[in-house]
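*Asks:* So the sequences go chain by chain: A and B.
Quick note on numbering: this note's numbering labels position 319 of the first sequence as 319, and the sequence is numbered without any gaps.
So the number in this note's numbering is just where the residue sits in the second sequence, counting from 1, plus 452.
Glycine residues also receive a C-beta, built at the ideal position from the N, C-alpha and C atoms.
Predicted model, so just to flag it, every value in this text is computed and none were measured.
Take this structure first; my questions come after.
Number of protein chains: 2
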Amino acid sequence: MEPIVATKPWERVRELLVEAEPHALVDYLDSLPADDIVRTVFRLTVDEQARLLTFLPPRTAAGLLDDVPEAHAADILDDLSAKEAASIVEELDSDMAADVLAELDADDLEEILRQMDPTDADEARQLISYPADSAGGLMMTEYLAFSGSTKIGDVVATVASQTADIPLYLLQQIMVISPLGRLRGAVNLSDMAFAEPNTRLNQFLQPIDSVLVTNRLEELEDFFDEHDEATAAPVLDERKHLLGVVRRRAVFEAISEKMDEDAMKRQGIIGGDELRSLPLRVRSGRRLSWLSVNILLNIVAASVIAMYQETLAAAIALAVFLPIVSDMSGCSGNQAVAVSMRELTLGIVRPEDVFRVWRKEIGVGLINGVALGLLLATAAWLWQQDIRLSIVVGAALALNTVIAVSIGGTIPLLLKGLKIDPALASGPALTTVTDMCGFFLVLSFASFALSM
Amino acid sequence: MEPIVATKPWERVRELLVEAEPHALVDYLDSLPADDIVRTVFRLTVDEQARLLTFLPPRTAAGLLDDVPEAHAADILDDLSAKEAASIVEELDSDMAADVLAELDADDLEEILRQMDPTDADEARQLISYPADSAGGLMMTEYLAFSGSTKIGDVVATVASQTADIPLYLLQQIMVISPLGRLRGAVNLSDMAFAEPNTRLNQFLQPIDSVLVTNRLEELEDFFDEHDEATAAPVLDERKHLLGVVRRRAVFEAISEKMDEDAMKRQGIIGGDELRSLPLRVRSGRRLSWLSVNILLNIVAASVIAMYQETLAAAIALAVFLPIVSDMSGCSGNQAVAVSMRELTLGIVRPEDVFRVWRKEIGVGLINGVALGLLLATAAWLWQQDIRLSIVVGAALALNTVIAVSIGGTIPLLLKGLKIDPALASGPALTTVTDMCGFFLVLSFASFALSM
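Now the structure itself:
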């Protein structure tokens with residue numbers, strides 16, 4: 001019997017790349033389960049990934065590119081010739097294309113745009129010029145709009161010939177514009193069914209809500225929340241000219257990307273993105289930039305301990321409790337940060353509610369501070385049977401818990417009010433203060449107790 | 453001149469509630485900007501919120517309920533009479549209704565269901581019986597399906613009479629079922645336009661992809677990723693009976709809710725939800741349940757310090773560096789956790805890739821460990837001019853950074869492999885080990901240095 005050797009999918013792809021077998025490669029990728037494909041792609045080097053894309057038909061390559069984070073997609077495009085890159089970018093929906101192109105250097109971008117169809121390139125330039133998280137940055141330029149005097153029969157003929165480029169659901173409402181390109185309303189496809197081909201769009205015209213090209217992600221989210229039915233919204237400039245349509249999908253994706261980024265930032269991944277496929281130098285550099293700020297904050301906080309060396313020497317057992325008090329206060333404070341971040345996201349609180357949030361946290365801080373303080377005091381008693389030690393560490397933890405939730409609950413609101421990203425700065429600001437306070441409380445209480 | 457007093461929106465709502473002015477209340481809420489409404493609602497007590505809902509027309513009340521987190525929506529319903537609650541629930545889309553009802557106690561649920569239209573109640577019972585994050589739990593039962601022999605004219609007549617209950621975009625494809633309720637395919641609305649009213653659906657039948665009622669959130673996400681165009685998917689049982697449709701919207705909302713929950717869990721909010729409108733007892737209890745586990749882990753970690761009291765007494769300056777080393781290692785480890793969580797979410801890594809991830813982290817750990825170790829050693833030198841102290845704390849931090857990124861990078865994969873929620877457990881597991889290692893390395897290096 002032959003031994004069965006299970007070849008890993010990425011090894012097989014690599015073989016096919018070396019053998020330069022485009023057809024076999026397409027067939028093989030088709031045979032893989034959908035969730036194996038991303039994993040396989042990321043096992044290849046960026047060079048191999050680029051080579052893979054050139055082997056695939058541009059439309060398939062575009063589909064693959066759509067599945068990887070934008071910054072990484074840009075890295076791969078960078079490795080292709082401008083012409084190859086252009087042919088793939090042209091197959092992406094215009095909103096996705098703009099997102100990927102926006103990640104490129106100006107020079108690489110210009111080279112690729114030069115190789116694209118001039119109309120597509122102009123559209124892409126236009127889309128990239130808007131902020132990425134605005135309606136302009138998220139909209140697509142594939143849509144159909146007609147003058148109100150167009151005959152239904154002509155609309156249907158055009159729709160039938162265009163469906164390949166335009167998502168089907170964007171055709172459920174046909175937009176009607178004035179000769180100068182201003183949006184006048186829309187006609188439901190269902191109203192047009194069975195209409196006489198010679199009647200005109202005007203006859204079925206209904207008002208349609210729209211968004212402004214400058215609207216931000218939160219405003220777009222509100223729009224789609226309020227317009228349950230809408231799969232896309234027309235995007236207008238301030239003089240009501242129709243510039244494009246923004247899809248619910250694009251808004252959803254931008255929101256979930258932002259949530260991912262915020263989660264990464266909170267844990268110290270600056271820029272909100274890192275994949276292990278990035279070069280080691282980049283990965284460790286980005287992480288280090290945040291760590292080096294943090295170590296300085298840590299040294300500042302620990303310097304409080306340095307001021308109390310005599311107290312510590314007189315009661316060395318305190319050294320055991322210093323990290324416990326500071327860590328636990330950090331945990332309590334982080335819980336409060338998490339709740340404030342969520343309430344900010346849901347729109348339940350705003351920066352001006354800081355005093356109200358603080359009052360709400362005080363209660364939790366008092367209850368949990370007393371509970372944790374008693375627990376720690378008991379642990380200290382079991383270990384050393386020293387009542388003074390128990391009281392010092394218990395009281396310090398109780399008080400520092402109140403301080404920690406007060407700061408944790410309010411700091412995201414304060415930072416937001418100061419236009420500083422609360423996802424990035426809340427954590428380090430909180431732990432620096434709670435560490436300092438924790439060390440100070442334990443050691444100053446202890447020095448007072450020793451002096452009695 | 454009269455003084456201008458700016459009344460806060462919730463104060464005005466409260467007045468109108470007291471004055472029992474339903475019409476004025478509806479008008480006033482209509483006049484508020486959309487993002488003021490949620491904030492206003494959350495300023496009211498749960499009783500006032502319930503009273504507000506009874507004053508509003510059920511459809512408006514349902515719209516409001518749709519905007520608050522499900523657990524909170526259930527709390528409000530709980531405060532209403534079963535009859536009032538039922539009339540509001542009936543106005544929610546069936547997928548949303550099931551989510552809210554699923555949060556209620558069995559008794560309250562049964563009471564409300566009894567007051568509902570029996571068909572709606574049966575549907576709700578059915579939907580609640582599926583896991584919340586499966587196609588069954590996320591689907592809605594408002595859809596239209598016809599036998600293939602139905603005449604186009606009849607389909608159009610039915611569609612025209614039904615649009616109030618069924619989102620417009622669900623009508624872009626008309627589903628065709630067999631007499632036994634099995635899904636046979638679908639007909640595009642655009643293909644039906646201009647068809648002779650006497651032709652039958654069968655003539656335009658096209659295949660349609662579907663999901664299984666047992667499919668999980670990740671599988672649904674994959675489906676919609678692969679079906680760019682789809683705004684909804686038919687949900688079938690294993691014998692291909694059509695049970696409902698799941699909307700892209702519902703899947704997206706479930707995903708973003710899960711991301712929110714994970715972010716909350718990572719910061720110690722068990723259950724993944726807390727709003728400050730909850731009773732103090734509930735809030736502090738939930739937070740405390742996590743904190744009390746954490747304080748035990750902290751005490752275990754700090755007990756390492758207790759074993760080295762003599763070393764500490766001989767070199768009290770070490771006490772300053774213990775929290776720095778443990779905190780910084782925690783930070784480095786958390787960065788690695790964040791990257792692993794992201795790669796797990798994107799499907800780039802799986803539990804079996806643990807060795808590969810570890811190799812990728814070692815490099816970052818070595819570079820950043822040496823950099824941070826040198827920084828801390830320098831700080832120690834500037835403070836004490838003691839070369840042994842510098843070497844001890846620098847080497848301990850360098851080595852502990854390598855340990856921290858190794859654990860941080862691999863622990864989410866290991867936990868996932870063991871079917872433990874990595875969002876919840878990665879943080880505490882990581883910091884407990886890095887704290888213990890940090891304390892041990894500093895103190896054992898120091899005791900070795902002192903013994904020389």
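(1) Determine the DSSP secondary structure at A/R185, reduced to helix, strand or coil.
(2) Between B/F598 and B/L653, how many whole angstroms is the CB-CB distance? I'm expecting something under 8 Å.
(3) Cα separation between A/V442 and B/N750?
(4) For a test of the three-state rule: what should DSSP assign to A/M341, helix, strand or coil?
(5) Apart from the five residues just before and just after B/L854, which ones in its own chain have a Cβ nearer than 8 Å to its Cβ?
(6) Should the segment 855-871 of chain B be regarded as contacting the segment 795-805 of chain B, the criterion being three or more beta carbon pairs within less than 8 Å?
(7) Please classify A/Q206 as buried or exposed, where buried requires at least 16 neighbouring CB atoms within 10 angstroms.
(8) If you measure beta-carbon to beta-carbon, which residues of the segment 257-272 of chain A are closer than 7 Å to chain B?
(9) Put B/L695 into one of helix, strand or coil per three-state DSSP.
(10) Using a threshold of 8 Å, state whether the C-beta atoms of B/D551 and B/E522 are closer than that.
(11) Between A/A121, A/A102, A/D75, A/D107, which lies nearest to A/S87 when the distance is taken from Cα to Cα?
(12) Nearest to A/V325 by alpha carbon, out of B/L504, B/P731, B/S903, B/S744?
(13) List in chain order: all unbroken alpha helix (DSSP H) runs of 4+ residues lying wholly within the segment 87-155 of chain A.
(14) Just to confirm the assignment, what range does the alpha helix (DSSP H) spanning A/V68 have?
(15) Could you name the residues of the segment 420-440 of chain A whose beta carbon sits closer than 8 Å to any beta carbon of chain B, in the order they occur along the chain?
(16) If contact means a Cβ-Cβ distance below 9 Å, which residues of the segment 351-369 of chain A contact chain B?
(17) Are any of the Cβ atoms in chain A nearer than 8 Å to that of B/L481?
(18) Anyone know if the C-beta pair for B/I722 and B/R738 falls short of 8 Å?
(19) Quick check on B/G799 - is its C-beta less than 8 Å from some C-beta in chain A?
(20) If the cut-off is 7 Å on Cβ atoms, which residues from the segment 848-867 of chain B count as contacting chain A, listed in chain order?
(21) Use the C-beta contact count for B/H475: other C-beta atoms within 10 angstroms, 16 or more gives buried, fewer gives exposed.
(22) Can you tell me where the alpha helix (DSSP H) with B/M888 in it begins and where it stops?
(23) Which whole-angstrom value is the C-beta distance of B/I757 and A/V320, which I expect to be below 8 Å?
(24) Residues in the segment 274-287 of chain A with C-beta within 7 Å of chain B's C-beta atoms, listed in sequence order?
(25) Quick check on B/V752: buried or exposed, where buried means 16 or more other Cβ atoms within 10 Å of its Cβ?
(26) Can you list, in chain order, the residues of its chain with a C-beta nearer than 8 Å to that of B/S601? Leave out the 5 residues immediately preceding and following it.
(27) Considering only the alpha carbon of each residue, which of B/S581, B/H693, B/I626 lies closest to B/R634?
(28) Can you tell me whether B/N650 is buried or exposed? The criterion is at least 16 other CB atoms within 10 Å of its CB, across all chains shown.
(29) Helix, strand or coil: which one does DSSP assign to B/M453?
(30) Assign A/K83 to buried or exposed, taking buried as 16 or more other Cβ atoms, counted over all protein chains shown, within 10 Å of its Cβ.
(31) Check A/L173 in the structure and name its three-state DSSP category.
(32) Output the distance between the C-alpha atoms of A/T60 and A/L32, rounded to the nearest integer angstrom.
(33) In whole angstroms, what is the alpha-carbon distance linking A/V433 and A/L65?
(34) If I'm right that A/E90 touches A/D117 with Cβ under 8 Å, what's the distance once you round it to whole angstroms?
(35) Look up B/P686 in the DSSP assignment and say whether it is helix, strand or coil.
*Replies:* Taking the structure as given:
(1) Per the sequence presented here, residue 185 of chain A reads as Gly, with Arg not at that position. A/G185: strand per DSSP, three-state reduction.
(2) Between B/F598 and B/L653 the beta-carbon gap is near 6 Å, inside 8 Å, which marks them as a contact.
(3) 16 Å
(4) helix
(5) Correcting the residue identity first, residue 854 of chain B is Val in this sequence and not Leu. Answer for B/V854: I814, G817, L818, G821, listed in chain order.
(6) As far as the Cβ criterion goes, the segment 855-871 of chain B touches the segment 795-805 of chain B, which means the pair count is three or higher.
(7) exposed
(8) For the segment 257-272 of chain A, the residues whose beta carbon sits under 7 Å from a beta carbon of chain B are, in order, M259, D260, A263, M264, Q267, G268, I269.
(9) strand
(10) yes
(11) A/A121
(12) Minimum Cα-Cα distance from A/V325 among the listed residues B/L504, B/P731, B/S903, B/S744 corresponds to B/S744.
(13) List check, alpha helix (DSSP H) in window: 94-101, 106-115, 118-128, 135-138.
(14) It is not in any alpha helix (DSSP H) - A/V68 carries neither H nor E in the DSSP assignment.
(15) T431, D435, F439
(16) D353, R356, V357, K360, E361, G363, V364, G365, L366, I367, N368
(17) no
(18) Contact: yes.
(19) yes
(20) none
(21) The residue is exposed, with fewer than 16 neighbouring Cβ atoms inside 10 Å.
(22) 874-903
(23) 5 Å
(24) Here the close residues are E274, L275, R276, L280, R283, S284, R287.
(25) exposed
(26) R652, L653, N654
(27) B/H693
(28) B/N650 is exposed by the Cβ-count criterion.
(29) Unreliable placement is indicated for B/M453, whose pLDDT of 45 sits below 50; the coordinate value is still reported in the next sentence. DSSP places B/M453 in coil when its eight states are reduced to three.
(30) exposed
(31) In the sequence under discussion, the amino acid at residue 173 of chain A is Gln, which differs from the Leu named in the question. Of the three classes helix, strand and coil, the one that applies to A/Q173 here is strand, per DSSP.
(32) 14 Å
(33) 44 Å
(34) 6 Å
(35) strand
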